[in-house]
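In this note's numbering, the protein residues as written are 50 to 155.
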């Protein structure tokens with residue numbers, strides 16, 4: 050489930066911190082695989098498994114490159130230390146856009 054995609058986010062549709070993490074990833078151009086635990090079958094079982102892995106609270110739970118990174122605190126801490134973007138790049142999650150040169154005309 051988490052090893053098949055560069056970034057996997059376990060979320061709840063009503064969770065404001067989950068929304069914050071989704072927005073941060075969108076700002077980076079990252080398109081994570083999102084599992085809304087309140088909308089999928091066996092979501093409660095997945096939530097219990099995340100708690101057993103040490104995610105407390107269970108959501109948001111972020112896996113990058115198949116590895117558990119953690120929740121909102123860990124993601125925001127990585128972002129503030131400028132370590133999140135390199136991690137996403139190593140996992141192949143960043144979309145690369147060509148550099149655009151702008152010129153002005155008179």
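For glycine and all other residues, C-beta sits at the position ideal for the given N, C-alpha and C.
Keep in mind it's a predicted model, so treat the numbers as computed, not measured.
Beta carbon of residue i nearer than 7 Å to that of residue j
i           : j           : result
residue 79  : residue 137 : yes
residue 59  : residue 99  : yes
residue 140 : residue 114 : yes
residue 66  : residue 121 : yes
Beta-carbon proximity list for residue i, same chain, < 6 Å, skipping 5 on both sides
i           : result
residue 82  : 54 and 57
residue 127 : 133
residue 74  : 81
residue 96  : 86 and 107
Contact belief for residue i with residue j at Cβ below 8 Å, rounded distance in angstroms
i           : j           : result
residue 124 : residue 111 : 6 Å
residue 88  : residue 63  : In fact, because the Cβ distance is near 10 Å, the residues do not count as touching under 8 Å.
Residues that DSSP places opposite residue i in a beta bridge
i           : result
residue 158 : This structure gives no information on residue 158, because the portion of the chain shown stretches from 50 to 155.
residue 82  : 57
Contacts around residue i, its chain only, beta-carbon distance under 8 Å, and the 5 residues preceding and following it disregarded
i          : result
residue 92 : 84, 85 and 86
Same chain only: Cβ atoms within 7 Å of residue i, ignoring 5 sequence neighbours per side
i           : result
residue 52  : 115
residue 72  : none
residue 77  : 134, 137 and 143
residue 148 : Low confidence applies here, because residue 148 scores a pLDDT of 47, under 50, leaving its location unreliable; read the following figure in that light. Around residue 148: no qualifying Cβ.
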